[in-house]
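Before any comments, here is the structure.
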Amino acid sequence: MRAGDFCGGDYHFVGARMAPDEPVLAGRVSRLDAQDGLEVHCAQNCDLRDLRSRVSAAPGLRVTVLLAGSVDVSFGSSHVDLSAGRQRCPRGMMVGTTHLETYERRWQRGKHERKVSLFLSSDWLQRQGLDDAQTDPGVREFLSRNLAVQPWQPSPRAVALAEQLLQLTAAPAPMGRLLISSRAIELAHEALSNLAGQGGHTSLPPREHQRLARLRAFLSSDEALDLSLDDIARWAGLSASALQRHFRAAYGTSIAEFRRDARLHKARIDLEQRGLSVAQAAHAAGYNSAANFATAFKRRFGLSPKLVRARI
1 MRAGDFCGGD YHFVGARMAP DEPVLAGRVS RLDAQDGLEV HCAQNCDLRD LRSRVSAAPG
61 LRVTVLLAGS VDVSFGSSHV DLSAGRQRCP RGMMVGTTHL ETYERRWQRG KHERKVSLFL
121 SSDWLQRQGL DDAQTDPGVR EFLSRNLAVQ PWQPSPRAVA LAEQLLQLTA APAPMGRLLI
181 SSRAIELAHE ALSNLAGQGG HTSLPPREHQ RLARLRAFLS SDEALDLSLD DIARWAGLSA
241 SALQRHFRAA YGTSIAEFRR DARLHKARID LEQRGLSVAQ AAHAAGYNSA ANFATAFKRR
301 FGLSPKLVRA RI
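Residue numbers (the UniProt record's numbering): 1 to 312.
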C-alpha cells in the first residue's frame, strides 16, 4: 500500500512529506461497515517505513484482538502497546472514548501485525441499550469514561471469531455482510463480558495485571487442563489464596469459573470447527457425563451442543 492510500479526511503523517505513490505498508488492510455504527477493521501487514500517523477518532468503543505481531498506538494521552510475542499468544485490548480524540500510530520498519479491530460508535452502543440501568455496572462504568483502557485475554472462541473475520473480509461470501455482522457482535460481547462484575477500577498494580493476563492465557491452554489450584498457584508464583483474590479482583470471576468457561469455549470450537462428536467434546472438556456437559454448554451459549454441531 502507498502513502496516498491513507491520506483521506484529516489522516496525515507527522513530520514527514510523503509522495502519494511511496510504498509504506506491505500486506492487506480492510475496513467494512457491518452495521450503521459498527465497523470491522482487519490487518495483515508489515511496516515499510519508520513513521508516525495521526487521525481523529470518533467517540465509541474499540475492541482489538491481536493475533500476531505488535501494535503501538495512542488515543489522546492513553498509550496502547500490545505484543503477541514469539509464541503468538493472542492479546486483546478495549479502548473507550466519550469525546473526539487523536489516534496516533507509530510505524516501525519491519514490524508485523495481524489483528482484528471493531469500532462501536456511541450511537450504536446506545441503540443496544448498553447505557440502560439493567446493564452490568462494570460495563456501564467503563463506557462512561473517556480514554478508558482495559486489556483482556481473548478466549479460544474470541480468537476463532477474529480468524473468521479475517477470512470473511478477505474473500466476501454470499450473505457475507450478515456473517461478518454476527461474528463482530459476538466478539464484542466476548470482550464486554470481561468487564461484567468488575464495577470499577481494581487496585492491582500494572505488573500484577500483566502476570494475571499471562495466567489467563495459560489457563486457556491444554497444558493447564488437569492441574490443581495449588499447581496453578505455583506456576503463577503466588499462594493459592492470593491468586484467587487477585484473579477475582482483576476479572470479577473465580479461577474455577474461568476454567469452566474456557473449557466450554474450547468445546464449542471442537464441535464447530473440528467436527468432534458431543461425547468427544465433552470428554475433551473434562466432563465425565455428556448430559452434564450439554446442560453446562446450553447454560453458557443458549444452544445445545448437538445443535451447534449440526450447523457445521
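From the three backbone atoms N, C-alpha and C, an ideal C-beta is built for every residue, glycine too.
Contact between Thr97 and Phe75 holds, since their C-beta atoms are separated by about 6 angstroms, short of 8 angstroms. Listed in chain order, the alpha helix (DSSP H) elements of length 4 or more contained wholly in the stretch 74 to 158 are 122 to 127 and 137 to 144. DSSP lists Arg114 as the bridge partner or partners of Ala68. Secondary structure at Leu32: strand, using DSSP grouped into helix, strand and coil. Thr64 is a Cβ neighbour of Gly92, given a cutoff of 8 angstroms. Within the same chain, and ignoring the five residues on either side of Cys42 in sequence, the residues whose Cβ sits closer than 7 angstroms to its Cβ are Ser30, Val116, Leu165, Leu166 and Thr169. For a cut-off of 8 angstroms, the C-beta gap from Leu48 to Val24 is around 5 angstroms, short enough to register as a contact. Sorting Arg157, Arg62 and Arg260 by C-alpha distance to the C-alpha of Leu147 places Arg62 at the top.
Following the DSSP letters along the chain, one finds Val278 inside the alpha helix (DSSP H) bounded by residues Val278 to Ala284.
Secondary structure of Val308 (DSSP, three-state): helix. At the C-beta level, Arg106 and Val80 stay beyond 8 angstroms of one another. Residue burial annotation: Asn194 is buried, with at least 16 other C-beta atoms found within 10 angstroms of its C-beta. The DSSP-derived three-state label of Asn288 is coil. Taking 8 angstroms as the cut-off, the beta carbon of Ser53 is found no closer than this to the beta carbon of Thr102.
Separation of Val308 and Thr135 (C-alpha to C-alpha, rounded to the nearest whole angstrom) is 27 angstroms.
An exposed status is given to Glu257, since fewer than 16 other beta-carbon atoms sit within 10 Å of its beta-carbon.
Non-local beta-carbon contacts of Arg259 in its own chain, meaning distances under 7 angstroms to residues more than five positions away in sequence, involve Leu219 in chain order. Just so you know, the alpha carbons of Leu67 and Pro90 end up roughly 5 angstroms apart.
Secondary structure of Leu48 (DSSP, three-state): coil. For the pair Arg268 and Ser289, the Cα-to-Cα distance works out to about 16 angstroms.
Distance from the CA of Leu264 to the CA of Ala242, rounded to the nearest whole angstrom, comes to 26 angstroms. Glu22 sits in coil when the DSSP states are folded into three classes, being neither helix nor strand.
Apart from sequence neighbours up to five positions away, the residues of its chain that approach Asp230 with a beta-carbon distance below 8 angstroms are Ala240, ordered along the chain.
Per DSSP, Leu192 is one residue of the alpha helix (DSSP H) stretching across Gly176 to Ser193. The three-state reading of DSSP puts Ser228 in coil, since its state is none of H, G, I, E or B. By the neighbour-count criterion, in which a residue is buried when 16 or more other Cβ atoms sit within 10 angstroms of its Cβ, Val159 is buried.
Our two residues, Ala196 and Gly237, have alpha carbons roughly 27 angstroms apart in a direct line. When secondary structure is reduced to three states using DSSP, Gly302 falls in the coil class, being assigned neither helix nor strand. When rounded, the separation of the alpha-carbon atoms in Phe119 and Asp261 is 26 angstroms.
Nearest C-alpha to Ser121 among Ala26, Phe297, Val40 and Glu186: Val40.
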